[in-house]
Amino acid sequence: MTPLLLALLVVSAPPAAPPRDKLRFGLDYRWWGRNLKYEGTTSLADVSAGPVPTGVTFDIQWFPMSYFQDDWRADVGLVFRADIAPEFTMNAGATSIKASTARVRTGLMFRIPFEHVEPSIHLGFHAFESSSRPRSGMPRPPLPNVSLTGPRVGLGLRLLEFWRMTFDVGAGGTLLVTTGELGSQAYYPGAKGNAFDFNVGLAFRAWPFLDIRLGFDVTVHSLALANGVTATDSYYGISLGIIFKGVRLPGNSPGAIAEAETR
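Written out as structure tokens, the structure is:
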């Protein structure tokens, strides 16, 4: 069903491909949730939160050489994405606590632009951090703070401009090299793991420089803490926001400049 839908979207696209973006700056309002579950131990508290409407997402893809070149160098981009939930209430076992959560991804991407399809490769760094504190007068539950970081490799795909809409999908994997307080001597010093993430979105072009996007994403961290002790930390969200794509000035692209020079 999915390949048939993708083929239909490509066939229905207009004959003229849209120009490659030089900048994509996204700002989203985010409903998100988190589920942390331990297996093989009863000494740590499971966590559940959400969906919580307290998140904000910043997403930047910038292709600096596209202002000067019209070859493969124009398709090398800098990527930065941050999801922030500064304060919320979540349940740790039977205790309600205050917490904050953030996820950051940064690195490089290389897009391969075809007429209406744009696959991409991503290499970078992933970080997920969550810290908590008990409410006033209450003891802290057995819930270590986490700082899950490591190198990430990802793949993306965009279908460009069918009925003024753009469809995007992506997936990636991270090898976790740090686990924060969870991997300290106080808890599980040998903790290690990996993460898998998936995202999908649909954007509507309201103006030539502005899209409105609805998206869903999920990241699952799988941790091996000790012999027979594991943890799964899932972080997910639904976002609604805008993507600013910059204002294209007519006759200011590398191709247009080269054409003008030949006249």
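Just so you know, we're using my numbering here: the sequence shown kicks off at 3 and counts up by one. C-beta atoms are modelled at their ideal positions from N, C-alpha and C, and glycine is treated no differently.
Start and end residues, beta strand (DSSP E) containing residue i
{"i": "residue 1", "result": "No statement about residue 1 is possible, as the shown extent of the chain runs from 3 to 265 and does not include it."}
{"i": "residue 36", "result": "25–41"}
{"i": "residue 153", "result": "148–164"}
{"i": "residue 48", "result": "Premise fails: residue 48 is in no beta strand (DSSP E) and is neither H nor E."}
{"i": "residue 234", "result": "231–246"}
{"i": "residue 218", "result": "212–228"}
{"i": "residue 176", "result": "167–178"}
Beta carbon of residue i nearer than 8 Å to that of residue j
{"i": "residue 194", "j": "residue 173", "result": "no"}
{"i": "residue 196", "j": "residue 177", "result": "yes"}
{"i": "residue 80", "j": "residue 60", "result": "no"}
{"i": "residue 27", "j": "residue 245", "result": "yes"}
{"i": "residue 36", "j": "residue 237", "result": "yes"}
{"i": "residue 2", "j": "residue 198", "result": "An answer regarding residue 2 cannot be provided, because it is not within the stretch 3 to 265 covered by the chain."}
{"i": "residue 234", "j": "residue 100", "result": "no"}
{"i": "residue 110", "j": "residue 78", "result": "yes"}
Reduced DSSP secondary structure (H/G/I, E/B, other) of residue i
{"i": "residue 73", "result": "coil"}
{"i": "residue 109", "result": "strand"}
{"i": "residue 204", "result": "strand"}
{"i": "residue 117", "result": "coil"}
{"i": "residue 184", "result": "helix"}
{"i": "residue 144", "result": "coil"}
{"i": "residue 135", "result": "strand"}
{"i": "residue 259", "result": "Because residue 259 sits at a pLDDT of 38, beneath the cut-off of 50, its placement in the model cannot be relied upon, and the following sentence gives the value as read from the coordinates. Residue state, collapsed to three classes: helix."}
{"i": "residue 55", "result": "strand"}
{"i": "residue 197", "result": "strand"}
{"i": "residue 83", "result": "strand"}
{"i": "residue 88", "result": "strand"}
{"i": "residue 44", "result": "coil"}
{"i": "residue 192", "result": "coil"}
Per-residue burial, residue i [other beta carbons within 10 Å of its own, 16 or more giving buried]
{"i": "residue 179", "result": "exposed"}
{"i": "residue 265", "result": "Low local confidence applies: a pLDDT of 37 at residue 265 is under 50, so the model's placement there is unreliable, with the coordinate-based value given in what follows. Exposed."}
{"i": "residue 69", "result": "exposed"}
{"i": "residue 42", "result": "exposed"}
{"i": "residue 160", "result": "buried"}
{"i": "residue 121", "result": "exposed"}
{"i": "residue 73", "result": "exposed"}
{"i": "residue 135", "result": "exposed"}
{"i": "residue 241", "result": "buried"}
{"i": "residue 208", "result": "exposed"}
{"i": "residue 188", "result": "exposed"}
{"i": "residue 123", "result": "exposed"}
{"i": "residue 75", "result": "exposed"}
{"i": "residue 191", "result": "exposed"}
{"i": "residue 165", "result": "exposed"}
Within-8 Å CB hit, residue i to chain D
{"i": "residue 84", "result": "The structure shown has no chain D; it contains just one protein chain."}
Meets three-Cβ-pair contact criterion under 8 Å: the stretch 84–92 and the stretch 45–56 = yes
Would you call the stretch 145–164 and the stretch 115–132 in contact, with 3 or more CB pairs under 8 Å?
-> yes
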